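Participant: Following this note's numbering, the numbering of the sequence shown begins with 5 at its first residue and continues without gaps. Quick one: the structure is below, questions incoming.
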Amino acid sequence: MRRQLDNFQLNGVAQPPAEEPQMVASLPRTVDELLPPNSRVLVISKGDENLIRFDSCRGGHFPQERSGGYAGFYPASSAAAISHLEALRFQGAEYLVVPATAHWWFETYPDFERHLERRYAVVDRAPETFTIFSLRSASSWLQLEEVINDFKREFNREPAILNWDCDFRLSQIFPECRWFQPLSTSSDTVPYLDQTIDLVAVSTAHPSRVNEARRVASEGLILVTSSEPINSAPVLSVERFPHLRPKETPLVSIIVGQSHRDLPVERKLAFLQESIPSQLRCEILIRKVRERFGKQLHKANKKVRLNGASSISSPESANGDIVVFLGPHTLPLPGWLPSLLRVFSECADAGVVGGRLINFDGTQDQIGGMVFRDGSVERLGGDEVDPGSPAYGYLREVDVPASTFFATTRSLLTTTGKASVLGDMDFYATAEYCFAAREKGYTVYFEPDCNAIDLAYSLDRPANGHVLEKRAASFRANFGSVLDRYPRPQNKSDSLAGSHNA
5 MRRQLDNFQL
15 NGVAQPPAEE
25 PQMVASLPRT
35 VDELLPPNSR
45 VLVISKGDEN
55 LIRFDSCRGG
65 HFPQERSGGY
75 AGFYPASSAA
85 AISHLEALRF
95 QGAEYLVVPA
105 TAHWWFETYP
115 DFERHLERRY
125 AVVDRAPETF
135 TIFSLRSASS
145 WLQLEEVIND
155 FKREFNREPA
165 ILNWDCDFRL
175 SQIFPECRWF
185 QPLSTSSDTV
195 PYLDQTIDLV
205 AVSTAHPSRV
215 NEARRVASEG
225 LILVTSSEPI
235 NSAPVLSVER
245 FPHLRPKETP
255 LVSIIVGQSH
265 RDLPVERKLA
275 FLQESIPSQL
285 RCEILIRKVR
295 ERFGKQLHKA
305 NKKVRLNGAS
315 SISSPESANG
325 DIVVFLGPHT
335 LPLPGWLPSL
345 LRVFSECADA
355 GVVGGRLINF
365 DGTQDQIGGM
375 VFRDGSVERL
385 GGDEVDPGSP
395 AYGYLREVDV
405 PASTFFATTR
415 SLLTTTGKAS
425 VLGDMDFYAT
435 AEYCFAAREK
445 GYTVYFEPDC
455 NAIDLAYSLD
465 RPANGHVLEK
475 RAASFRANFG
485 SVLDRYPRPQ
495 NKSDSLAGSH
505 NA
């Protein structure tokens with residue numbers, strides 16, 4: 005895989021410009037002046053140590069290795085860059101500096117640029133020198149993103165939005181929407197019938213236009229206020245009309261695994277809560293799990309509150325219509341939950357839906373597993389560096405999802421009677437559950453827009469060969485007649501038996 009990354013080419017893009025000596029000398033000094041002392045700052049670079057040599061801030065390369073050194077390769081896609089940034093943000097990164105010599109990133113990784121602009125506030129932007137994003141402060145665009153996502157869930161399409169003379173990059177930040185302008189921008193009226201346009205973007209500097217916008221809009225207004233300086237994001241708010249109510253959504257129980265090698269729990273829960281749209285109904289539950297066939301932590305038999313989460317001793321305690329299982333090192337990325345719920349809504353046969361696990365460095369880890377006749381399970385998708393690859397970019401059936409990142413319905417969980425074994429989130433328990441689901445006529449799906457980072461080290465969970473063989477024998481004994489229809493194993497190098505996140 006490292007060789008694939010080293011050979012990764014920036015197709016259709018000119019070679020990145022070299023760092024200018026004057027910029028290299030002045031950038032650290034400017035960042036020190038703008039940001040609070042001791043801030044953790046990432047700088048997009050090609051490994052130049054002088055760019056991160058701050059006096060008062062703590063610098064780091066982007067992209068970087070786990071050790072903090074320069075990664076030595078570029079992300080394979082926007083999806084890879086976003087995942088790597090979010091992993092570093094979880095680990096404490098507070099700011100991202102994009103030098104002018106790195107602005108080619110925004111051409112090469114357009115979705116990465118939109119991710120930054122939509123979610124994170126711009127601290128300072130000097131187009132000829134740098135742009136600084138705060139990874140701890142929300143962008144003014146974030147509210148609009150939430151409204152657009154709510155609209156898409158409600159109507160199953162992108163909204164049509166009238167941009168009424170608002171001089172901001174609305175269509176660039178949200179290109180998936182259908183933007184248009186009135187025939188004339190000088191008039192305070194527009195030639196449209198009442199309530200015939202989904203959303204209208206209008207400046208608050210023109211009260212008469214705001215009233216006219218309320219007449220023609222059917223779902224709400226995007227109220228834009230000019231900002232200073234001119235190159236920063238606008239100040240905007242969204243006025244939702246009373247009848248715009250998201251569809252009733254199922255209650256979702258998210259079971260978060262906790263182990264003795266766990267990530268910081270409070271930080272993990274905060275990261276998870278940021279990824280959940282406010283309009284969705286969720287309960288977050290914590291369950292202590294075995295660390296790869298090892299000893300289990302003491303069970304939490306009583307309810308404990310932590311950042312709105314409750315401790316449970318068994319998945320059977322979940323109240324949701326949909327039950328999600330997240331491993332101890334799994335960090336879901338924005339958009340994961342609506343994508344997952346959409347599969348259950350649109351596919352009546354969906355019994356289990358899994359997502360994609362992405363490594364710390366932004367490379368794809370797996371999309372699930374393939375089961376073989378001898379009862380072994382091989383990781384699917386581990387041969388692909390790019391999590392944005394079209395080869396794994398469509399809804400598809402899989403034998404088994406990643407056992408640390410999947411969901412099922414509570415009704416199926418109850419009828420199979422396997423809720424207690426699923427709680428430990430090991431791959432054989434998940435495989436047995438998926439086989440039981442198929443016996444009842446359900447399908448196991450992989451959803452490509454449901455993504456999460458896996459921060460586990462491969463050496464965190466050494467496989468116990470004796471226990472593993474025992475589990476495989478039990479699996480074969482239970483489903484031997486079904487396994488006879490599966491292919492023979494050919495390559496065990498990607499076996500989930502030795503995978504840390506299976």
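Glycine included, C-beta positions come from ideal geometry on N, C-alpha and C. Remember, predicted model here, so these are calculated numbers, not experimental data.
#1: Rounded to a whole number of angstroms, what is the C-alpha to C-alpha distance between Glu436 and Asn363?
#2: Rounded to whole angstroms, what's the CA-CA distance from Ile177 to His119? Just pull it up for me.
#3: Output needed for Leu225: all residues of its chain with C-beta closer than 8 Å, excluding positions within five of it in sequence on either side, in chain order.
#4: Is the region 274-283 in contact with the region 338-345, if contact means three or more CB pairs nearer than 8 Å?
#5: Ends of the alpha helix (DSSP H) at Asp198?
#6: Whole-angstrom Cβ separation of Ser82 and Asn455, contact assumed at under 8 Å?
#7: Could you tell me the alpha carbon to alpha carbon distance between Val102 and Arg442, rounded to whole angstroms?
#8: With DSSP collapsed to three states, give me the class of Tyr99.
#9: Compare the C-alpha of Ala164 against each of Thr200, Ile136 and Gly64 and name the closest.
#10: Are Arg492 and Gly379 touching if we call contact CB-CB under 8 Å?
#11: Do Gly372 and Val328 come within 8 Å of each other at the CB atom, strictly closer than that value?
#12: Which full runs of the alpha helix (DSSP H) of 4+ residues lie inside the region 32-118, going along the chain?
#13: Considering Arg285, what are the terminal residues of the beta strand (DSSP E) in which it resides?
#14: Report the three-state DSSP secondary structure of Thr135 (helix, strand or coil).
#15: Which residue or residues does DSSP assign as beta-bridge partners of Leu426?
#16: According to DSSP, what are the bridge partners of Asp458?
#17: Under 8 Å: do the region 57-65 and the region 36-44 share three or more Cβ pairs, one atom per stretch?
#18: Taking the alpha carbon of Arg377 as the point to measure from, which residue in Val486, Gly386, Gly64 and Phe172 has its own alpha carbon closest?
#19: Excluding the 5 residues flanking Cys3 on each side, which residues of the same chain have their C-beta closer than 6 Å to its C-beta?
#20: How is the beta strand (DSSP E) around Val151 delimited, first residue to last?
#21: Any heavy atom of the ligand NAP closer than 7 Å to the beta-carbon of Glu287?
#22: Under 6 Å Cβ to Cβ from Glu320, same chain only, skipping five residues before and after it: list those, please.
Facilitator: Looking at the atomic coordinates:
#1: 26 Å
#2: 9 Å
#3: Leu203, Val204, Ala205, Val206, Val214, Ala217, Arg218, Val242 and Glu243
#4: With contact defined as three or more Cβ pairs closer than 8 Å, the region 274-283 and the region 338-345 are in contact.
#5: Careful: Asp198 lies outside any alpha helix (DSSP H) and carries neither H nor E.
#6: Between Ser82 and Asn455 a beta carbon distance of about 12 Å is seen, past the 8 Å cut, so the two are scored as non-contacting.
#7: 49 Å
#8: Reduced to three states, the DSSP call for Tyr99 is strand.
#9: For Ala164, the closest alpha carbon among the candidates Thr200, Ile136 and Gly64 is that of Thr200.
#10: Gly379 is positioned such that its CB atom lies no closer than 8 Å to that of Arg492.
#11: no
#12: Here the runs fully enclosed are 82-94 and 108-112.
#13: Element bounds for Arg285: n/a, residue is neither H nor E.
#14: In this structure, Thr135 counts as strand in the three-state DSSP scheme.
#15: Its beta-bridge partners do not exist; DSSP assigns none.
#16: Thr334
#17: The count of Cβ pairs closer than 8 Å, one atom from the region 57-65 and one from the region 36-44, reaches three, so the stretches are in contact.
#18: Val486
#19: Lying before the first or after the last residue shown, residue 3 is absent from the chain, which here runs from 5 to 506.
#20: Looking at the DSSP string, Val151 is not in any beta strand (DSSP E); the run it does join, the alpha helix (DSSP H), is Leu146 to Phe159.
#21: Looking at this structure, you won't find the ligand NAP or any other ligand, since it has none at all.
#22: Ala423
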